[in-house]
Every structure is written in C-alpha cells, then in structure tokens.
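Counting from 16, one number per residue, gives the positions in the sequence shown under the working numbering.
Heads up, the beta-carbon is just placed ideally off N, CA and C, and yes, glycines get one too.
Okay, structure first, notes after.
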Amino acid sequence: MPQSKIGSRTVRMLQSLSTDGRFTVKKLSTLIDDMVLGPYSNQHGTLRNNLVPKKIEIFIWRVMLRRLAVKVELDKRGVDLHSVRCPICDNDLESVDHITFSCDRVKDVWVRIYKWWGVNGFMCSNITELISSKGPSSMTSVGESIWQALKWISLYLIWKNRNTVVFQGKSWNSPMILNEIQTKSFEWISWRSKGKKFDWLS
Ligand SMILES: [Zn+2]
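Quick look at the structure:
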C-alpha cells in the first residue's frame, strides 16, 4: 500500500527524533515546540527567545494569530456577551489590537515600560510593530534579546492583568502593573541568562 502523506510525515518525524535509535523526552519536547512554533517562525522570522518561559513564546504566537479570547473574537464565534466593549476603558470595542496596544490605559503601561528603558514614546499598534520596535540605541546583541524578552513578558502580563479585571473585578493600575513587569521579567530573564551578567536598569 502506498504511504499516505500523513504517514510519511509521521515516519520522518519519528526518524528525526533519533539518529541513534533512542527516543528521549527532550527530543520529543523539541519536536512539539517545532510543530507549535515552527510554522509561524518560518513565516515571520523567529518567535524563539530562550530568555522567556515557553508559555510566553506560545502566548506571543497566539497574539500573532489573533487567538485571544477578547470579546470581539468571542462575539464572532457566536458567544452571547452582555457587551463587547473594552473592560478596561469602556471607550472602544475589545479587539486583540485594542486590548494589547491601542487602549489608552494599556498604552500608559507601555509608555512607562519604554521610559524605564530610556526609550521615548510608544508607537506600536500591533504585535508585528512591537516585535520590530527598537530598544535603547546603545544595545549589544545580548541586550537586543533581553529587550525582545522584556517586550514579550510585558505583553503577557498586560493580558494577565486584563484577565484579573474581567474575572476578578480588579481595577487597572498602571504603576502596579509596571512594578509586576519589572519584578517578573527580572526573575525570568536573569534565571535563564545562566550567569551572564547584565545591567538591568541601564
Ligand atoms: Zn480600552
């Protein structure tokens, strides 16, 4: 029987797991990461950054594909909602771009993050612009990957805070969100930097 396309793909995947006849969890985990993050990475440059937890890489990929459970997307899928307005500002519809960038109160957090890093202004209105937006001009290549990691962690925590507004009724507090971003990003990035020294606040 001729091998089907899926069949031959599966065989190739299994072969790629091992060249020495041994299968390991690590190899399997790498393969799954490639399958999840690979298609987008190939199209839009890398979506990998080993300074952030895997869950954040996957979150960024979901934002790219607009796979966030914002009210406008839920409404499109027939979910009956009381309102599709932004839960933070109530001035616009809650779309992916609005809740991650355009909302004035979210933008206030971004401006504070950029200011913390000595970058004036914040001009991004979507994830693609965020990924390509420049950090401080004096950055080395190590600094560039820290800057990218910081932006991704910030977006992830902005979304987490949006969820606490929606599900726990908490109010939006930009200085406190910045504080959380500073603490968490330091914790995650420095832990993954494997002893590399970097000057966090410069
Ligand atoms: Zn808003």
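Could you check what DSSP says for residue i in three-state terms: helix, strand or coil?
i, result
"Leu63", "Going by the sequence as given, residue 63 is Arg instead of Leu. Residue state, collapsed to three classes: coil."
"Leu170", "helix"
"Leu108", "strand"
"Val94", "coil"
"Gln18", "For Gln18, the pLDDT reaches just 44, beneath the cut-off of 50, and the residue's location in the model is therefore unreliable, although a value from the coordinates is still provided. Gln18 falls in the coil class under three-state DSSP."
"Leu80", "coil"
Excluding sequence positions up to five away, which residues of its chain have a Cβ less than 6 Å from the Cβ of residue i?
i, result
"Lys185", "Thr179"
Can you list, in chain order, the residues of its chain whose CB lies under 8 Å from that of residue i, leaving out five sequence neighbours each side?
i, result
"Met138", "Glu144 and Ser148"
"Lys122", "Phe116 and Phe137"
Please name the residue in the options whose C-alpha comes closest to that of residue i.
i, options, result
"Val85", "His113, Asn106 and Cys104", "His113"
"Lys175", "Lys70, Asn106 and Arg63", "Lys70"
"Leu165", "Leu96, Val78 and Tyr129", "Tyr129"
"Gln183", "Gly136, Ile73, Ile103 and Glu109", "Ile103"
Could you tell me whether any non-hydrogen atom of ligand 2 is closer than 6 Å to the CB of residue i?
i, result
"Cys104", "Judged by which ligands are present, ligand 2 is missing from the structure shown, whose ligands are ligand 1."
Looking at the unbroken alpha helix (DSSP H) that takes in residue i, where does it start and where does it end?
i, result
"Lys130", "Asp119 to Trp131"
"Lys209", "Taken as a continuous stretch (DSSP letters only), Lys209 belongs to no alpha helix (DSSP H), as it is neither H nor E."
"Ile239", "With the chain running from 16 to 217 in the structure shown, residue 239 is simply not present."
Just list the residues that DSSP pairs residue i with in beta bridges.
i, result
"Arg100", "Leu108"
Could you name the residues of the same chain whose beta carbon sits closer than 7 Å to that of residue i, not counting the 5 residues immediately before and after it, in chain order?
i, result
"Ser19", "Confidence at Ser19 is low in this model, with a pLDDT of 48, below 50, so the placement of that residue should be treated as unreliable; the coordinate-derived value is given next. Answer for Ser19: no residue qualifies."
"Asn57", "Because the pLDDT at Asn57 is just 45, under 50, the model does not fix this residue reliably, and the point stays unresolved."
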